[in-house]
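As structure tokens, the structure follows; a few thoughts come after it.
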Amino acid sequence: LSLDYFYGIDANRFATYSNTPEGRIRNLGYSAIATLNIPIWNWGAIHSKVRQSELRREQVHIELSAAQRKLIAGLRTLYAEADAARIQLDVLQQSADLAAQSVQLTLLRYQGGEATALEVVDAQNALVTARNNFDDGQSRYRVAIANLQTLTGVF
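Per my numbering, the sequence shown starts with residue 50, numbered consecutively.
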């Protein structure tokens with residue numbers, strides 16, 4: 050439903066009155082128009098718009114589901130990486146402890162005259178390598194935890 054109302058000068062020249070042989074005619078006028086529009090047939094436009102909305106909603110649900118699956122997969126991957134780094138760190142700690150014990154035993158053997166200086170140096174090199182590997186393992190573990198905390202927050 051629409052309603053239009055017009056009021057103004059109804060003449061070719063700007064004047065409120067015109068002089069004619071019949072007398073003075075007023076140039077100001079008004080008019081009103083009312084329109085009622087009732088669609089009887091719209092060629093299926095409403096059904097098409099409803100279907101488009103349903104398809105859009107379905108697509109959004111699919112995209113949401115895919116994003117959730119991707120997030121969960123990423124979280125599981127990061128958790129598995131952190132778990133593997135923790136297990137490796139435990140093994141590297143044991144290796145460093147064994148290397149330290151080996152140095153002590155080799156020094157005792159050297160002091161007792163049963164080992165050479167070369168064996169002591171080799172044991173010390175093995176200890177340094179084991180400690181370096183442990184430090185690398187700690188770095189890997191901390192990076193894995195930081196990556197996991199990026200998704201989950203600090204825990």
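Backbone N, C-alpha and C fix where the C-beta goes; we use that ideal spot for every residue, glycine too.
- Spatial neighbours of Glu168 in its own chain (CB-CB distance under 8 Å, excluding positions within 5 residues in sequence) are listed in chain order as Thr155, Arg158, Tyr159.
- Between the alpha carbons of Leu52 and Ile82 lies a gap of roughly 6 Å.
- In chain order, Glu130, Ala131, Ala134 place their CB closer than 6 Å to the CB of Ala193, counting only its own chain and leaving out the 5 sequence neighbours on each side.
- Only exposed fits Val99, as fewer than 16 other CB atoms lie within 10 angstroms of its CB.
- Non-local beta-carbon contacts of Tyr190 in its own chain, meaning distances under 8 Å to residues more than five positions away in sequence, involve Ala131, Ala134, Arg135, Gln137, Leu138 in chain order.
- Within its own chain, no residue has a Cβ closer than 8 Å to the Cβ of Ile111 once the five positions on either side in sequence are excluded.
- Gly186 sits in a helix when the DSSP states are folded into three classes.
- Between Ser151 and Ala175 the beta-carbon gap is near 7 Å, inside 8 Å, which marks them as a contact.
- Proximity to Asp146 across Asn181, Leu113, Gly162, Ser114 peaks at Asn181, based on C-alpha coordinates.
- Under DSSP, Ile82 forms a beta bridge with Asp53.
- A straight-line Cα-Cα distance of about 6 Å links Ser80 and Tyr54.
- Non-local C-beta neighbours of Asn86 in its own chain, meaning closer than 8 Å and more than five positions away in sequence, comprise Leu50, Ser51, ordered along the chain.
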